[in-house]
């Protein structure tokens with residue numbers, strides 16, 4: 001045992017060499033089997049037989065073990081024994097510490113003692129366990145499996161195929177299909193890793209108690225090597241942000257460890273319980289279901305093909321009741337007349353990794369789970385889904401009856417709508433990026449990036465957020481467009497308050513290493529403490545120029561001239577805040593920097609200069625009319641926008657003329673609810689609320 005500094009050179013390296021063939025390149029994979037992406041090495045590593053202990057000056061102990069598997073795109077672990085005392089923690093990171101998971105604590109202790117981890121990029125990882133000097137008991141750790149990712153579904157690359165996985169080009173990103181974020185079931189779909197080696201899709205599903213029990217429905221064949229599901233890891237909200245198809249979504253929202261409640265090989269369907277409900281910040285939704293024997297089209301399949309970001313496929317042809325019995329697939333899906341056949345996908349397709357994904361009817365209720373089929377990149381026909389209604393209560397064994405778990409209080413319900421457990425305590429991902437925007441990284445006439453290092457030596461960048469009376473901020477999503485500099489250089493994430501520009505610093509998260517910010521990969525940066533804001537606020541970042549070239553780091557912003565007509569991106573030049581368009585030869589732009597917030601109170605938040613100008617809206621509330629009218633007389637209108645309570649701009653129109661009569665706004669495409677109208681006129685802004693209600 002060593003004292004003092006932690007020296008990685010002293011730490012033992014356990015090496016594992018995988019020489020097998022890539023199953024995908026050999027075309028050995030068939031849909032109907034879980035998609036294998038990793039080779040598993042069975043090991044037995046513990047602090048008693050591997051690694052090295054260090055004792056720090058404060059008396060705490062640190063155990064470190066390095067694990068290498070040359071050529072692996074990523075490595076994940078399964079702990080056969082994981083029992084930590086309060087105060088202890090464990091992290092896992094790669095060689096350059098650009099990817100880290102944890103800290104795992106006593107909160108991750110499970111009755112079985114098993115802990116499965118998410119993959120960490122690269123072919124070498126370090127396990128680091130810290131234990132205070134005084135604890136109730138000594139922690140117990142035993143690594144039972146090292147999993148070598150040979151397929152590359154968790155690898156870093158500047159190309160989409162490597163960055164996201166290898167889903168077909170004809171697949172449609174969920175964030176593009178559902179650009180206005182109105183499809184709640186999208187938040188119910190999850191990516192599954194089983195036994196550290198297999199990929200599938202699943203759906204978080206509601207039960208008649210509506211108690212938030214984290215049941216996930218999937219295919220039985222996904223659990224073939226771990227029918228207990230104790231090694232399962234599930235990922236929420238893994239998708240491209242804002243339909244930015246060059247940007248990989250964050251994998252930070254995950255849960256580990258489940259218990260199997262229903263497992264039926266012949267029907268090829270399973271229900272697993274993740275025990276710990278997803279926290280509110282995951283914004284999870286529990287999908288509804290129906291026992292309808294003739295469900296209506298159109299149908300949606302929401303899935304993670306090839307372990308890629310979330311996709312949506314759509315079929316408009318009525319499903320057919322069929323038998324899907326294949327001898328090669330035994331013992332799975334061997335029950336006759338137990339499947340729906342989707343004859344053709346009109347949008348998208350399915351692939352390996354789509355197994356277990358849900359099929360939803362016209363009412364967005366689950367009607368089946370994917371067993372297998374013929375659809376793929378070149379052929380979008382003939383997929384087969386286990387019929388949910390047949391798996392409900394036909395079996396005599398409770399372990400094969402969904403009714404036992406999804407209707408435990410015997411309501412006799414034949415259908416159930418979806419459920420949002422945090423409907424009244426919602427988390428919001430606040431963003432100024434609008435549907436249809438494209439990500440860009442403008443280079444200002446060869447002088448570096450508009451939103452990063454440049455010859456102007458601009459160090460501070462900010463995105464303005466309005467339309468809130470108050471909120472509590474938890475963290476920020478940053479979308480790096482460039483991140484080349486490999487050094488000890490860092491950036492800071494900053495929150496300001498202010499009327500027109502950032503004025504008062506209220507929070508700074510310092511020391512975020514530049515080499516942990518991978519380009520084209522969204523990263524969620526959790527604040528060290530909750531940040532309360534009132535009225536307009538600004539979130540941004542500070543960069544350092546010590547030794548850095550002018551093109552080393554930048555954040556994506558919107559492409560000028562696509563959709564947006566307002567500036568929300570600011571830069572600080574010569575100690576003065578200005579809109580980016582005032583400094584650089586670019587149009588009006590928005591930073592691709594979002595904020596995670598709760599306790600949101602919506603309202604007129606943009607503080608504007610005092611003015612004698614008055615406008616009114618009528619009718620308000622509006623029910624029978626297709627239009628709401630702005631009462632204006634002899635005023636010059638620049639533009640107006642309509643924003644919903646999620647902060648999304650739904651209508652944005654340029655006027656740029658003087659009006660001598662009332663201005664009608666077509667709101668026929670808006671759902672019922674509260675909206676904010678922001679009118680730019682006579683060199684000022686005026687915000688007004690209006691409500692659209694159902695026709696009486």
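In the UniProt record's numbering, the protein residues as written are 1 to 696. Cβ atoms here follow ideal geometry from the backbone N, Cα and C, with glycine treated the same way. These numbers were taken from a predicted model, which means no experiment stands behind them.
Bridge-paired residues (DSSP) for residue i
{"i": "residue 148", "result": "39, 75"}
{"i": "residue 289", "result": "366, 416"}
{"i": "residue 666", "result": "627"}
{"i": "residue 579", "result": "570"}
{"i": "residue 256", "result": "233"}
{"i": "residue 272", "result": "216, 260"}
Minimum C-alpha distance to residue i - residue among the options
{"i": "residue 678", "options": "496, 467, 148", "result": "467"}
{"i": "residue 254", "options": "277, 261, 178, 226", "result": "277"}
{"i": "residue 676", "options": "644, 654, 119, 667", "result": "644"}
{"i": "residue 168", "options": "250, 351, 16", "result": "351"}
{"i": "residue 67", "options": "514, 571, 123, 171", "result": "123"}
{"i": "residue 698", "options": "637, 686, 651", "result": "The first residue shown for the chain is 1 and the last is 696, placing residue 698 beyond what the model contains."}
{"i": "residue 426", "options": "532, 614, 283, 267", "result": "283"}
{"i": "residue 144", "options": "196, 200, 171, 120", "result": "196"}
{"i": "residue 694", "options": "671, 686, 687", "result": "671"}
{"i": "residue 48", "options": "39, 37, 77, 81", "result": "81"}
{"i": "residue 398", "options": "499, 262, 625, 493", "result": "262"}
{"i": "residue 583", "options": "356, 447, 342, 478", "result": "447"}
{"i": "residue 704", "options": "257, 480, 327", "result": "Outside the displayed range of the chain (1 to 696) lies residue 704, so it cannot be described from this structure."}
{"i": "residue 657", "options": "632, 674, 392", "result": "632"}
{"i": "residue 516", "options": "533, 526, 532, 490", "result": "490"}
{"i": "residue 492", "options": "501, 475, 484", "result": "475"}
{"i": "residue 591", "options": "574, 575, 577, 567", "result": "567"}
Backbone CA spacing between residue i and residue j [nearest angstrom]
{"i": "residue 420", "j": "residue 302", "result": "18 angstroms"}
{"i": "residue 315", "j": "residue 297", "result": "7 angstroms"}
{"i": "residue 203", "j": "residue 304", "result": "11 angstroms"}
{"i": "residue 19", "j": "residue 97", "result": "26 angstroms"}
{"i": "residue 459", "j": "residue 598", "result": "29 angstroms"}
{"i": "residue 110", "j": "residue 579", "result": "51 angstroms"}
{"i": "residue 546", "j": "residue 453", "result": "11 angstroms"}
{"i": "residue 163", "j": "residue 271", "result": "Only weak support is given to the placement of residue 163: the predicted model assigns it a pLDDT of 37, under 50, and the value that follows is read from those uncertain coordinates. Residue 163 and residue 271: Cα-Cα distance of roughly 30 angstroms."}
{"i": "residue 451", "j": "residue 685", "result": "26 angstroms"}
{"i": "residue 628", "j": "residue 189", "result": "37 angstroms"}
{"i": "residue 499", "j": "residue 601", "result": "18 angstroms"}
{"i": "residue 125", "j": "residue 440", "result": "33 angstroms"}
{"i": "residue 306", "j": "residue 313", "result": "14 angstroms"}
{"i": "residue 374", "j": "residue 221", "result": "17 angstroms"}
{"i": "residue 33", "j": "residue 355", "result": "8 angstroms"}
{"i": "residue 614", "j": "residue 539", "result": "31 angstroms"}
{"i": "residue 25", "j": "residue 396", "result": "In this prediction, residue 25 has a pLDDT of 40, which is less than 50 and means its spatial position is unreliable; what the coordinates show is noted afterwards. Residue 25 and residue 396: Cα-Cα distance of roughly 43 angstroms."}
{"i": "residue 327", "j": "residue 410", "result": "37 angstroms"}
{"i": "residue 413", "j": "residue 299", "result": "22 angstroms"}
Coarse secondary structure for residue i, derived from DSSP in three states
{"i": "residue 222", "result": "helix"}
{"i": "residue 532", "result": "strand"}
{"i": "residue 429", "result": "strand"}
{"i": "residue 424", "result": "coil"}
{"i": "residue 439", "result": "strand"}
{"i": "residue 465", "result": "strand"}
{"i": "residue 186", "result": "helix"}
{"i": "residue 176", "result": "helix"}
{"i": "residue 514", "result": "helix"}
{"i": "residue 388", "result": "helix"}
{"i": "residue 282", "result": "helix"}
{"i": "residue 356", "result": "coil"}
{"i": "residue 248", "result": "strand"}
{"i": "residue 451", "result": "coil"}
{"i": "residue 110", "result": "coil"}
{"i": "residue 608", "result": "Confidence is the limiting factor: at residue 608 the pLDDT is only 45, short of 50, which leaves the residue's position unreliable and the question unanswerable from this model."}
{"i": "residue 191", "result": "strand"}
{"i": "residue 138", "result": "coil"}
{"i": "residue 403", "result": "helix"}
CB contact below 8 angstroms: residue i versus chain D
{"i": "residue 199", "result": "The structure shown contains no chain D; it holds only a single protein chain."}
So, does the region 80-92 touch the region 101-110, judging by three or more C-beta pairs under 8 angstroms?
yes
Does the region 56-71 come close enough to the region 375-389 to have 3 or more Cβ pairs within less than 8 angstroms?
no
Are the region 224-244 and the region 400-411 touching by the rule of at least three beta carbon pairs closer than 8 angstroms?
no
Should the region 112-122 be called in touch with the region 220-234, which here means at least 3 C-beta pairs below 8 angstroms?
yes
On the three-pair Cβ rule with 8 angstroms, is the region 212-221 touching the region 369-377?
yes
Using 8 angstroms as the cut-off, can you tell me whether the region 499-516 makes contact with the region 428-436, which would need three or more C-beta pairs spanning the two stretches below that distance?
no
When you compare the region 125-135 with the region 203-213, are there three or more beta-carbon pairs, one atom per stretch, that lie closer than 8 angstroms?
no
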